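**Q**
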Amino acid sequence: MNLIEEIENITDKCISCGFCESVCPTLGASQYNSVFGARGRVILADFALKNPDNDLELGDSFYSCLDCYACVNVCPAGVNAGVVSELMREFIVTGERGKKNPVAALIRESIMEYESPLGLKREAAEWADGISFQKSDTVIITGHMYQMMPYTRAINRIRKHIDESVVKNVASAMKNHISLIKLSRHFYDKKLKENMDADLRNIVAMLKKSGVEFGYLGENEPYPGMFLYDLGYREDFREYAGRFYNFLKENGVRRVITVDPHTHDLLLNGYPEYVPGFDIDVVYYTDLLDLKYRKFNDGITIQEPCHIVLHNNQFRALDILNSITDVSMPERNGKLNMCCGGPDELLFPDTAKNVSMQRYSELKEKSENVVTICPLCYNNLAYDSKVKDFSQFVKEMVID
Amino acid sequence: MQKQETDAISELISKLGNKKILTTKEELIPFMKDASYITGKLPLAVCLPDNAGDISTILSVCNNYRINVTVRSGGTSLTGSSVTDFNGIIISTMNLNRILEINTSSRYAVCEPGVRIDLLNQELKKCNFFYPPDPASSRASTIGGSLSTNAGGLRAVRYGATKEWVLGMDVVVPDGHIIRTGEYTLKRSAGYDITALMIGSEGTLGVVTKAILKIEPLPEATAKLIAFYKDIESVGKSMNSIKSKGITPLIAEFMDLGTINSIRKNMEIDIPEYTQFLLMIDVDSPEEGLARKIQNVKSILEGFTDDVTVITDQNHMDRIYAARKGAYSALLDLRENNHQLVVIGDVIVPSSELASTMKEIAESINNDGMKATLFGHIGDGNIHANIFMDNTDEGRKKMEKLQMDIARAAIRHRGSVSAEHGIGTEKNRLLYEEYLERNSIYTLEIMKSIKKVFDPNNILNRGKIFYESD
Chain A
1136 MNLIEEIENI TDKCISCGFC ESVCPTLGAS QYNSVFGARG RVILADFALK
1186 NPDNDLELGD SFYSCLDCYA CVNVCPAGVN AGVVSELMRE FIVTGERGKK
1236 NPVAALIRES IMEYESPLGL KREAAEWADG ISFQKSDTVI ITGHMYQMMP
1286 YTRAINRIRK HIDESVVKNV ASAMKNHISL IKLSRHFYDK KLKENMDADL
1336 RNIVAMLKKS GVEFGYLGEN EPYPGMFLYD LGYREDFREY AGRFYNFLKE
1386 NGVRRVITVD PHTHDLLLNG YPEYVPGFDI DVVYYTDLLD LKYRKFNDGI
1436 TIQEPCHIVL HNNQFRALDI LNSITDVSMP ERNGKLNMCC GGPDELLFPD
1486 TAKNVSMQRY SELKEKSENV VTICPLCYNN LAYDSKVKDF SQFVKEMVID
Chain B
30 MQKQETDAIS ELISKLGNKK ILTTKEELIP FMKDASYITG KLPLAVCLPD
80 NAGDISTILS VCNNYRINVT VRSGGTSLTG SSVTDFNGII ISTMNLNRIL
130 EINTSSRYAV CEPGVRIDLL NQELKKCNFF YPPDPASSRA STIGGSLSTN
180 AGGLRAVRYG ATKEWVLGMD VVVPDGHIIR TGEYTLKRSA GYDITALMIG
230 SEGTLGVVTK AILKIEPLPE ATAKLIAFYK DIESVGKSMN SIKSKGITPL
280 IAEFMDLGTI NSIRKNMEID IPEYTQFLLM IDVDSPEEGL ARKIQNVKSI
330 LEGFTDDVTV ITDQNHMDRI YAARKGAYSA LLDLRENNHQ LVVIGDVIVP
380 SSELASTMKE IAESINNDGM KATLFGHIGD GNIHANIFMD NTDEGRKKME
430 KLQMDIARAA IRHRGSVSAE HGIGTEKNRL LYEEYLERNS IYTLEIMKSI
480 KKVFDPNNIL NRGKIFYESD
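Chains A and B, in that order, are what the protein sequence lines are. The first sequence runs 1136 to 1535 under my numbering. The second sequence runs 30 to 499 under my numbering.
(1) Which runs of the alpha helix (DSSP H), 4 residues or longer, sit entirely within the region 1177-1224 of chain A?
(2) Can you check whether the C-beta of residue 124(B) is within less than 8 Å of a C-beta belonging to chain A?
(3) Leaving out five residues on either side along the sequence, give the residues of the same chain with a beta carbon under 7 Å from the beta carbon of residue 1146(A).
(4) Between the Cα of residue 1322(A) and those of 1194(A), 1338(A), 1314(A) and 1284(A), spot the shortest distance and give me the residue it belongs to.
(5) Within 8 Å of any Cβ in chain A, is that where the Cβ of residue 55(B) sits?
(6) If you measure from the beta carbon of residue 168(B) to each beta carbon in chain A, is any gap under 8 Å?
(7) Within 8 Å of any Cβ in chain A, is that where the Cβ of residue 145(B) sits?
(8) Near residue 248(B), what residues of its chain come up, given a Cβ to Cβ distance below 7 Å and the 5 sequence neighbours on each side ignored?
(9) Got a sec? Which residues, its chain only, sit under 7 Å from residue 443(B) by beta carbon, not counting five neighbours each side?
(10) Which residue from 1144(A), 1307(A), 1263(A) and 1325(A) puts its Cα closest to that of residue 1286(A)?
(11) Between which residues of its own chain and residue 1360(A) is the CB-CB distance below 6 Å, once the five residues before and five after are set aside?
(12) Just to confirm my understanding: we take residue 1199(A), look at its own chain, exclude 5 residues before and 5 after, and list those with CB closer than 8 Å. What are they?
(13) Of the residues 53(B), 408(B) and 143(B), which one's Cα is nearest the Cα of residue 74(B)?
(14) Quick one: does residue 1294(A) have its CB under 8 Å from some CB of chain B?
(15) Can you find the residues in the same chain that come closer than 6 Å, C-beta to C-beta, to residue 1421(A), ignoring five residues on each side of it along the sequence?
(16) Note down the Cα distance separating residue 318(B) from residue 324(B), rounded to an integer number of angstroms.
(17) Where does residue 1485(A) fall in DSSP's three states?
(18) Taking only three categories from DSSP, how would you classify residue 1173(A)?
(19) Taking the runs of the beta strand (DSSP E) that are 3 residues or longer, which of them lie wholly in the region 187-230 of chain B?
(20) Beta-carbon within less than 8 Å of residue 272(B)'s beta-carbon, same chain only, minus the 5 sequence neighbours each way: which residues are those?
(21) Relative to the C-alpha of residue 1443(A), which candidate in 1258(A), 1396(A) and 1535(A) has its C-alpha closest?
(22) Can you give me the Cβ contacts of residue 66(B) inside the same chain, cut-off strictly under 6 Å, excluding the 5 residues immediately before and after it?
(23) Using a Cβ-Cβ distance under 8 Å, would residue 402(B) count as near chain A?
(24) Taking residue 394(B) as the reference, give the member of 102(B), 436(B), 353(B) and 468(B) with the closest Cα.
(25) State the beta-bridge partners of residue 553(B) as determined by DSSP.
(26) Rounding to the nearest angstrom, what Cα-Cα distance links residue 1446(A) and residue 1203(A) in this structure?
(27) Inspect the beta-carbon positions of residue 281(B) and residue 268(B) and report whether they are closer than 8 Å.
(28) Taking the beta strand (DSSP E) that residue 440(B) falls in, what are its first and last residues?
(29) Which residue from 297(B), 310(B), 283(B) and 118(B) puts its Cα closest to that of residue 276(B)?
(30) At a CB distance below 9 Å, what residues from the region 40-65 of chain B approach chain A? Give them in sequence order.
(31) Is there contact here, the region 141-154 of chain B with the region 219-232 of chain B, by at least three beta-carbon pairs under 8 Å?
(32) By Cβ distance, which residues of its chain are closer than 8 Å to residue 472(B), with the 5 residues on each side in sequence left out?
(33) Where residue 137(B) and residue 241(B) are concerned, what is the direct C-alpha to C-alpha distance, given to the nearest angstrom?
(34) Give a yes or no on whether the minimum CB-CB distance between residue 88(B) and chain A is below 8 Å.
(35) For residue 60(B), which residues of its own chain have a beta-carbon under 6 Å away from its beta-carbon, when the five flanking residues on both sides are left out?
(36) Taking the C-alpha atoms as reference points, what is the distance between residue 494(B) and residue 264(B)?
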């Protein structure tokens, strides 16, 4: 089945009932401009494929999808509008139809050249300064997610003052002078960097205390290629993932400990599809924690990570939180979970912000204390100090 | 685009700003579809107002330039109501989506048209209340859309359709005036009932911007009984027997085997092999009387079938309820090929006529050589025939003939061609047939005269209810 057939195979099942729009986070965040909602994306994809002569600007609709898969969980016909968006991004990348997004193209270039979407290198490993790791065939893979957040926040602060068309023009120009991406290294949110570095250190400390033996590849740890996968550069991803896998094998890695849901989902489900013979075990760090905790009496609510609950993955984080405190689940939870908006932060910061503010107020209705279990969620929802990353919240509860 | 259209859109942009007026092709394409099989024209623009003043401005500008306007909210119409067959603009009311007030002592809620029905009920549930009209699309459909079609739904057997639940509304009429109809009171006898006139008018008279809705306390305890049958007559007899014994269920739904198969997995119940139809009855009672109520209904059902399943687990009941609500969309899985479309019918007859009407409908389906499945709200006599149509001229003709045959069966049995979906552009001919058969075409003429009073330039929702060629 070629790409077009694959997309049509899904869109042909859609009756346009609109159930998906009722849970699609980006629709309301875009003032109900339907092309930024799940049903609109399916209709647009169907139209674009059936009317090949049209010169449509397809990109923004599909790039703005958060890939949270909330849509498929309410669709009576089992249509996954999230997958339609993923495939359409792949289709746009082929250049057959629609314009490529210059920011996406710039990110792709940076990953292929520097193994980092923002050209980070040493910066991605600074959090581990002073920590000693063992030599082991198990390594922690940070996925660079915690590390990138302070940089994207600072970049978005600048972007707010620049017209979107200028951003796209600058991105187009930078693509041909890719070394300029390294300028990103100088723009970061200092406080957020301190928080994120502390979170990673907390994770390492808790794993060590649980008796887990593992190493860390330091600044040699490559970014795992999430953006290539998410932005539709699947053939590039195939090549890149092969490189990543070979690097792990050359370093004798047999098992990886992931610390964010996006990297976890990618290595667990994406890599085996793209890397023949992928034979590395993937485990989420919360599942290795074996600690005693104090009770937290005030209760919390949590932001579940879409890449765990909506992508059919599992982890023990919720069990741990339940053992520490009363967890009031938000109105939309589990298979109806609402995304934090994080995945749109680089390309559609306004949409990301609108989604995150809506989710933040929903969470706050349940409890003052919010625990996130993903660096993107934390970055997008931490509007006050009562929002904490799992690693911070749980570390504070560990009995020494 | 003609000059007056370009001028009108420029004026709209200058008055409302370009964020509220969509004009690029990729932004307009999604508005060519709703939940019906009908694809509309590409609109000239889509307006995204967020208050009544915006809507007044839009209508005023369009009225001046004679630009056709189609109104849309959740876009869940099954009759093509939310797409346009004419060159013109679409107004989406989705950004008017606030619940303005909930007053449990006076038993009303006030909300804007873009509020989705399930969201309203989610809020009302926090005070142990609910808004009874319950179209199967309630997850996505909105107060505005349900008022415009006089939507019914699963609970209509007990609570009736939308018209029973609206006290008043604010409406923008085509010249831009904002009018109030009705009030916050449960009774009112003050001149013509314009509120009633607006409900079911399918957006042809004005745009609702605020609605005052009646609300009810939630039933205390509920249970679901599912009975299985080999023939439709026994289903009809079961239902008649329940109602004759003075029991009015909360929900009373039937499904044929095709429908059952499309949602079988999601219902998570054992279904006997012989099953051709099932009947789903929800009952309610104060907590202490529920067991007795279940037993009463079960005994009645067992007079007509050997197999009755009782479900009291709320989560399981919710899952079955959700599966039934998704039945129309799930039927797509039964298509013979991807080019087939599913067209949903919506006739209604008095409950006592149901079994005989169903038999005639089944014969029509057979005679016309079409594939169709049947489900519906048996408690109020509403039958949805879901016709699998080949997307060709011939396929469409065959579907239209079957729709007409089914409509005539309903009319013969003292029923109507549309129970809760409205007429849209899809059922113009069926509506005409109903009044023709009743020897009352003049009723349609009166309706058209009313339309002229509200919309003398005929800009609003053209082609809806009354047939009009482009």
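Backbone N, C-alpha and C define an ideal beta-carbon position, used for all residues, glycine too. Just so we're clear, the structure is a prediction, and the values are computed from it rather than from any experiment.
**A** Well, looking at it:
(1) Listed in chain order, they are 1194-1198.
(2) Chain A places a beta carbon closer than 8 Å to that of residue 124(B), counting this residue as a contact.
(3) For residue 1146(A), the CB contacts under 7 Å within the same chain, skipping 5 residues up- and downstream, are 1177, 1180, 1181 and 1219 in chain order.
(4) Looking at the Cα atoms, 1284(A) is the closest of the given residues.
(5) Yes, residue 55(B) counts as interfacial toward chain A.
(6) Contacts with chain A at 8 Å (Cβ-Cβ) include residue 168(B).
(7) Among the CB atoms of chain A, one or more fall inside 8 Å of the CB of residue 145(B).
(8) Close CB contacts of residue 248(B) within its chain, under the 7 Å cut and outside five residues either way in sequence, are with 279 and 313 (chain order).
(9) Listed in chain order, the non-local C-beta contacts of residue 443(B) below 7 Å within the same chain comprise 378, 379 and 382, local neighbours out to five positions each way being set aside.
(10) Ranking the options by Cα distance to residue 1286(A), first place goes to 1325(A).
(11) Excluding positions up to five away in sequence, the list reads 1372, 1375 and 1376.
(12) In its chain, beyond the 5 residues on either side, 1161, 1165, 1171, 1479, 1482, 1483 and 1486 have a beta carbon closer than 8 Å to the beta carbon of residue 1199(A).
(13) Closest in alpha carbon position to residue 74(B), among 53(B), 408(B) and 143(B), is 53(B).
(14) Not a single CB atom of chain B sits nearer than 8 Å to the CB of residue 1294(A).
(15) So the qualifying residues of the chain are 1450, 1451 and 1452.
(16) C-alpha separation (whole angstroms): 10 Å.
(17) Here residue 1485(A) sits in helix by DSSP.
(18) Helix.
(19) 195-201 and 207-211, all fully within the region 187-230 of chain B.
(20) 380 and 408, listed in sequence order.
(21) If we check each option's Cα against that of residue 1443(A), 1396(A) comes out closest.
(22) Excluding residues up to 5 positions away in sequence, 370 and 372 lie with their Cβ nearer than 6 Å to the Cβ of residue 66(B) in the same chain.
(23) It does not: the Cβ of residue 402(B) has no partner Cβ on chain A nearer than 8 Å.
(24) When the alpha-carbon of residue 394(B) is set against those of 102(B), 436(B), 353(B) and 468(B), the nearest one is in 436(B).
(25) Since the first residue shown for chain B is 30 and the last is 499, residue 553(B) is missing from the structure and cannot be characterised.
(26) For residue 1446(A) and residue 1203(A), the distance between alpha carbons rounds to 8 Å.
(27) Yes, these two residues count as a Cβ contact at 8 Å.
(28) That residue, residue 440(B), is in no beta strand (DSSP E); its alpha helix (DSSP H) goes 422-441.
(29) Cα-wise, what sits closest to residue 276(B) is 310(B).
(30) Against chain A - using a Cβ distance shorter than 9 Å - the residues of the region 40-65 of chain B are 48, 49, 51, 53, 54, 55, 56, 57, 58, 59, 60, 61, 62, 63, 64 and 65.
(31) The region 141-154 of chain B vs the region 219-232 of chain B: no contact.
(32) So the qualifying residues of the chain are 464.
(33) Using only the alpha carbons, I get a separation of about 7 Å.
(34) Output row for residue 88(B): interface = no.
(35) The residues are 72, 75 and 119.
(36) Straight through space, the alpha carbons of residue 264(B) and residue 494(B) are spaced by roughly 33 Å.
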